[in-house]
Amino acid sequence: MTEIFGVSTQALLGQLVLGLVNGSFYALLSLGLAVIFGMLNIINFAHGAFYMIGAVMTWMALNYFGISYWWSLALVPLVVGVVAVVIERALLQWLYKLDPLYGLLLTFGLALIFEGVFRNAYGVSGLPYSIPEQFSEPLNLGFMLLPKYRAWVILVSLVVCFATWFLIEKTRLGATLRAATENAKLTQAFGINVPLLVMLTYGFGIALAAFAGVLAAPTKQISPLMGSNLIIGVFAVVVIGGMGSILGAIVTGLALGVIEGLTRVFYPEASATVVFIIMALVLLVRPAGLFGKRES
Amino acid sequence: MKRRLCCALSLAVLVSVSASAAAPKISGGVVKIGVLTDMSGLYSDLGGQGSVTGAQMAVEDFKAQYKPSFKIDVVYADHQNKADIGSNKVREWYDREDVDMVTDVLNSAVAIAVAKVTAEKKRILIDIGAGSTRLTNEDCTPYSIHYAYDTYALASGTAKAIVKQGGDSWFFLTADYAFGHSLEKDSSDIVKANGGKVLGTVRHPLNASDFSSFLLQAQSSKAKIIGLANAGGDTINAIKAAAEFGITKNQSLAGLLVFITDVHSLGLQLTQGMMLTDGWYWDYSDETRKFGKRYFDKMKKMPSMVHAGTYSATFNYLKAVQAAGTDDADAVMKQLKSMTINDMFAKGGKIREDGRMVHDMYLMQVKKPEESKYPWDYYNVKAVISGDDAYQPLSLSRCPLVKK
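So the sequence lines, in the order shown, correspond to chains A and B. Our numbering numbers the first residue of the first sequence as 113 and each following residue consecutively. Our numbering numbers the first residue of the second sequence as 58 and each following residue consecutively.
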């Protein structure tokens, strides 16, 4: 069997696929963050908490109301999105004119509150959620047995990421959104309801996080800490991709998932830090990130 | 007038001096116990608030049984699994709040740091939740006791039993910090000593978000047994991912440190048949069941070995203070090391010169879902491993306090 640096190509291919699975989560989460930062100029530290809430609500939906995974996939992001809209109206909207640090502090505080509430209710060991029956058999890729559910994660997140990119970059609604970001006052002068757009954008960004949470629910124990374990890495992804860049978030998310996966083979001890090393290197060479535009 | 006042004053001084000679010499008038644990992170279910409750229950029971003349106070703090936060908190406790004894201190990295501060300040550490054998070897101190279990005992219980059943080739999935390294080393020594082979190891960061990559490496090693040298949330996620990737069909998992809270969280479907070693099980005897139920009424879950251990350590520490008539660390340590621990946690437990509390350990097998008759009915006790067999013999100790 051919080997690369002492690792068989078969094992390497397997790790690449797994990297793509993790990258899908990175992409979905960093996409939401990028959308929110791009439109609202808010560094949404509560993003990981909403991802966690998405997963916990999936569990609650099944155990308290008997709602299946498939319904949760649609309903949970909707409900969490509505919660986010309420938060935006009640709290965040007052902060747009202030330094971004205030938004960061507020959302960080919210994240701690959400985590604390769920920790108090369910503890940290986690809640079990089984994989939907349709996906119980693994898929034979020739070089590895990939659980079908993981393949589904890659597929569905790619579709969602592409749809979001298309919506923002290629449609009229997206053009209006981008105009509102560029110059809110001028856009409003054209009779467009900018605050409404901003509110919906926040709701949408958070719904993406909750969607990632639903996807993650069957793959790991649903724990109040699952968001905070992941979110720092996601922030690094957004910084590497370029703050606010939609395409940047998607591409870097996937790429970093793969790089992290490879690190787990060659030097597993560094797998938690490799993202930050890359971030430091990118910031040295391109301070605005790989896909970011330098502000003039 | 002045003379009489002088006389009265000196009399008063005399009386108070003699009074204090009769009463126990307690610094600050209060015996203060600090529970340092992970209140919010991945280990907070197996320790956390439950450890605080254990210590508080011990204080209540001690007061009821022994009617001490001194006051007892329990304080607690979250070390967030960070050695620097833990040692700073303990330093503050010793310097400013006059804490006499610190307990639980799960997470070996934190425990080793806290043991150093404790020795420097001449107070007492009775560690429950940390696993590393370094606490009674390289990092042993005259002021620390390692109470409930250690990685050597876990390895000699679980690894030995599995190798004897034919699981002779191993691959380790190791949490990349003091505890994981210690557990991996002790287990591979046992595996090799019993004629098994270690085919490889992969070290993952603490709190790893995804285990599939690591498990795939374990799978391609073709080892019969995948040893999980990690704990808490990491073990849980590794077991879950192993089931998803179908690894458990051809290879077996050995949870080297599995707490009952982990089994509860994963459910018997995923964990059935797994062998593990534990220092305590709530459903073992009438005495343990009684404690388990009392604890359950307070916390709505059954206690882990760490919770029960914190109770036992606190209770026996207070007994030692009462017997020594002081909270002076040297006197209490001497008392503790001369005592035999006999309670619901340990029978005939002895604290050795290296600080190791030697007591029986239990080899368990997780029940099948249909065998479990009532909530928290999870284990079959396969064997009781006597303390002398379970723990590292003193002759192998690397602790400088042990006279050879």
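We treat Cβ as the ideally placed atom computed from N, Cα and C, and that holds for glycine.
Next item on the list: Excluding the 5 residues preceding and the 5 following B:Asp130 in the sequence, name in chain order all residues of the same chain whose CB lies nearer than 6 Å to its CB.
Entry: Only Val87, Lys89 meet the Cβ criterion.
Check: What is the DSSP secondary structure of B:Ala79, reduced to helix, strand or coil?
Finding: Note on B:Ala79: pLDDT 48, under 50, position unreliable in the model; the coordinate value appears next. Annotated three-state conformation of B:Ala79 is helix, per DSSP.
Margin query: Using a 10 Å radius around the Cβ and a threshold of 16 neighbouring Cβ atoms, would you call A:Ser408 buried or exposed?
Written below: Low confidence applies here, because A:Ser408 scores a pLDDT of 41, under 50, leaving its location unreliable and the question unanswered by this model.
Notebook entry, point to check: By Cβ distance below 7 Å, which residues in the same chain neighbour B:Ile293 in space, the five residues on each side in sequence not counted?
Noted result: Asp319, Ser322, Leu323
Next item on the list: Kindly indicate which three-state DSSP category B:Gln449 falls into: helix, strand or coil?
Entry: coil
Next item on the list: Taking C-beta pairs closer than 7 Å, name the residues in chain A that B:His364 reaches, listed in chain order.
Entry: Ordered by position in chain A, no residue passes the 7 Å Cβ test against B:His364, which lies about 13 Å from the chain.
Next item on the list: Might you give, ordered along the chain, the residues of its own chain that have their beta carbon closer than 8 Å to the beta carbon of A:Leu210, omitting 5 neighbours on each side?
Entry: none
Note to self: Give me the residue from B:Thr231, B:Tyr200, B:Gly284 with the minimum Cα distance to B:Glu410.
What the structure shows: B:Tyr200
Check: Short check: CB of B:Tyr482 to CB of B:Thr334, under 8 Å?
Finding: No answer is possible for residue 482 of chain B: it lies beyond the span of chain B, which begins at 58 and ends at 461.
Check: Which whole-angstrom value is the C-beta distance of B:Tyr151 and B:Met414, which I expect to be below 8 Å?
Finding: That belief does not hold up - the Cβ atoms of B:Tyr151 and B:Met414 are roughly 22 Å apart, past 8 Å.
Next item on the list: Under 7 Å Cβ to Cβ from B:Ala170, same chain only, skipping five residues before and after it: list those, please.
Entry: Ala140, Gly143, Ser144
Next item on the list: Name the two residues that bound the continuous alpha helix (DSSP H) containing A:Leu141.
Entry: 121 to 152
Note to self: In whole angstroms, give me the CA-to-CA distance for B:Lys173 and B:Thr198.
What the structure shows: If I take the Cα positions, the gap works out to 8 Å.
Checklist line | Per DSSP, cross-strand counterpart(s) of B:Gln422 | finding: B:Met332, B:Asn437
Notebook entry, point to check: Which residues bound the beta strand (DSSP E) around B:His203?
Noted result: 201 to 203
Next item on the list: Grab me the residues of B:Thr160's own chain with a C-beta within less than 7 Å of its C-beta, minus the 5 sequence neighbours each way, in chain order.
Entry: Ile90, Val92, Ala112, Ile183, Ile185, Thr367, Ala370, Thr371
Next item on the list: Compile a chain-ordered list of the residues in the region 259 to 277 of chain B whose CB is closer than 8 Å to at least one CB of chain A.
Entry: Val259, Arg260, His261, Pro262, Asn264, Ala265, Ser266, Asp267, Ser269, Ser270, Phe271, Leu273, Gln274, Ser277
Notebook entry, point to check: Grouping DSSP H, G and I as helix and E and B as strand, with all else coil, what is A:Val397?
Noted result: helix
Check: Short check: CB of B:Glu195 to CB of B:Arg455, under 8 Å?
Finding: yes
Check: Hey, does A:Gly135 have any beta-carbon neighbour from chain B nearer than 8 Å?
Finding: no
Next item on the list: Report yes if the CB atom of A:Ala287 is closer than 8 Å to the CB atom of A:Ile304, and no otherwise.
Entry: no
Next item on the list: Thinking B:Gly284 and B:Trp227 are a contact (beta carbons under 8 Å), I'd like their distance in whole angstroms, please.
Entry: With 8 Å as the limit, B:Gly284 and B:Trp227 qualify as a contact, their Cβ atoms being about 5 Å apart.
Next item on the list: Determine which residues of the region 131 to 146 of chain B have a Cβ less than 7 Å from any Cβ of chain C, and write them out in chain order.
Entry: Annotation note: the requested chain C is absent from the structure, which comprises protein chains A and B.
Next item on the list: Please name the residue or residues paired with A:Pro250 in a DSSP beta bridge.
Entry: A:Pro259
Notebook entry, point to check: Got a sec: is the Cβ-Cβ distance from B:Glu465 to anything in chain A below 8 Å?
Noted result: Limits of chain B in this structure are 58 at one end and 461 at the other, which puts residue 465 of chain B out of reach.
Notebook entry, point to check: Of all the options A:Glu227, A:Ser184, A:Leu141, A:Gln205, which has the alpha carbon lying nearest to the alpha carbon of B:Met96?
Noted result: If we check each option's Cα against that of B:Met96, A:Glu227 comes out closest.
Item checked: Where B:Ser226 sits in the DSSP three-state scheme -> strand
Item checked: Chain-ordered chain A contacts of B:Leu99 [CB-CB under 9 Å] -> Within chain A, the residues near B:Leu99 are Val236, Ser237, Ser335, Leu337, Asn341.
Item checked: Cβ-based burial, B:Val116 [other Cβ within 10 Å; buried from 16] -> By the Cβ-count criterion, B:Val116 is buried, with 16 or more other Cβ atoms from all chains shown falling within 10 Å of its own Cβ.
Next item on the list: Compare the C-alpha of A:Tyr261 against each of A:Ser136, A:Val195, A:Gly401 and name the closest.
Entry: A:Ser136
Check: Cα separation between B:Ser278 and A:Pro244?
Finding: When rounded, the distance between both Cα atoms is 29 Å.
Next item on the list: Compute the distance between the beta-carbons of B:Gly224 and B:Ser309, then report whether it is under 8 Å.
Entry: Their beta carbons are under 8 Å apart, which means B:Gly224 touches B:Ser309 by this criterion.
Next item on the list: Take the Cβ of A:Ile343 as the centre, count every other Cβ of all protein chains shown within 10 Å, and call the residue buried at 16 or more, exposed below.
Entry: buried
Note to self: Using a Cβ-Cβ cutoff of less than 8 Å, which residues in the same chain neighbour A:Ser180 once the five nearest sequence positions on both sides are dropped?
What the structure shows: Leu174, Pro244
Next item on the list: On a CA-only basis, which of B:Ala377, B:Lys297, B:Phe268, B:Gly214 is nearest B:Ala232? Give me that one, please.
Entry: Checked all of B:Ala377, B:Lys297, B:Phe268, B:Gly214; the closest Cα to B:Ala232 is B:Phe268.
Next item on the list: Check each residue of the region 285 to 310 of chain B: if its Cβ is closer than 7 Å to any Cβ of chain A, include it; give the result in chain order.
Entry: Gly290, Ile293, Asn294, Lys297, Glu301, Phe302, Gly303
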